[in-house]
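*Asks:* Please read through the structure below; I'll follow up with questions.
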Amino acid sequence: MEQNMEQKPPLPPFTKETAIQKIRMAEDAWNTRDPEKVSLVYTEDTVWRNRAEFPKGREQVKEFLHRKWARELDYRLIKELWAFTDNRIAVRFAYECRDDSRNWSRSFGNENWEFNENGFMMRRFASINDLPIKESDRKFFWPLGIRPDDHPGLSHFGF
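Position one of the sequence shown corresponds to residue 1468 (our numbering), numbered consecutively onward.
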């Protein structure tokens, strides 16, 4: 089936509830650390800005995500709604991970998302800051994978 015939609900125009649902679905997908699965929510010609990288198209996004999760080990991410309009959502997020030398970091950022009428993300612009942390300063402790519903969100931690 062609992508323009498929849909990725919830669809725009977004309400507060459907924007929050879309954000949680994205968080859950990213926490799987599965580039193939994650890439399927983006249009074939998606445009990104992520730090100093500018992937274009779903294939480049997959390559980017493979590289990302090969170096960001024990990755755990939380996203929260910042604002929304008809087909755009602004998200703030934080994630914790370590490198292969067991150096931990927490990354904070904002993302601006734009969706087509079928609910696929056409544009993702991310601004991210990294903070080295000690392992004892970690806050995200759920088992690898999707964050449990009872785990606190960003606001709980004051992030």
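No residue lacks a Cβ here, since even glycine has one placed at the ideal position from N, Cα and C. Model, not experiment: these values are computed from the prediction.
Short check: CB of Phe1560 to CB of Ala1486, under 8 Å?
*Replies:* In the sequence shown, counting from the first residue as 1, residue 1560 sits at position 93. In the sequence shown, counting from the first residue as 1, residue 1486 sits at position 19. No.
*Asks:* Inspect the CB distances between the stretch 1530 to 1547 and the stretch 1582 to 1600 and report whether three or more fall short of 8 Å.
*Replies:* No: the two stretches stay apart, fewer than three of their Cβ pairs being nearer than 8 Å.
*Asks:* I'd like to confirm the pairing. Which residues does DSSP put opposite Ile1595 in its beta bridges?
*Replies:* In the sequence shown, the residue the question calls residue 1595 occupies position 128. Gly1576.
*Asks:* Could you give the uninterrupted runs of the beta strand (DSSP E) lying entirely in the stretch 1508 to 1533, keeping only those of 3 residues or more?
*Replies:* You should have 1509 to 1517.
*Asks:* For Met1468 and Val1508, what's the separation of their Cα atoms in angstroms?
*Replies:* Along the sequence shown, read from residue 1 onward, the residue named residue 1468 stands at position 1. Along the sequence shown, read from residue 1 onward, the residue named residue 1508 stands at position 41. Bear in mind that the predicted position of Met1468 carries a pLDDT of just 42, short of 50, making it unreliable; the figure below should be weighed with that in mind. In a straight line, the C-alpha of Met1468 is about 15 Å away from that of Val1508.
*Asks:* Would His1623 count as contacting chain B if we go by Cβ distances under 8 Å?
*Replies:* The chain labelled as chain B is not found in the depicted structure, where only one protein chain is given.
*Asks:* Identify whether Arg1569 lies in helix, strand or coil by the three-state DSSP scheme.
*Replies:* Taking the first residue of the sequence shown as 1, we reach residue 1569 at position 102. Three-state DSSP puts Arg1569 in coil, outside helix and strand.
*Asks:* How about Arg1525 and Ile1595: do their beta carbons lie closer than 8 Å?
*Replies:* For the purposes of this step, residue 1525 is taken as residue 58 along the sequence shown, with counting starting at 1. For the purposes of this step, residue 1595 is taken as residue 128 along the sequence shown, with counting starting at 1. It is not a contact, given that the beta carbons lie outside the stated cut-off.
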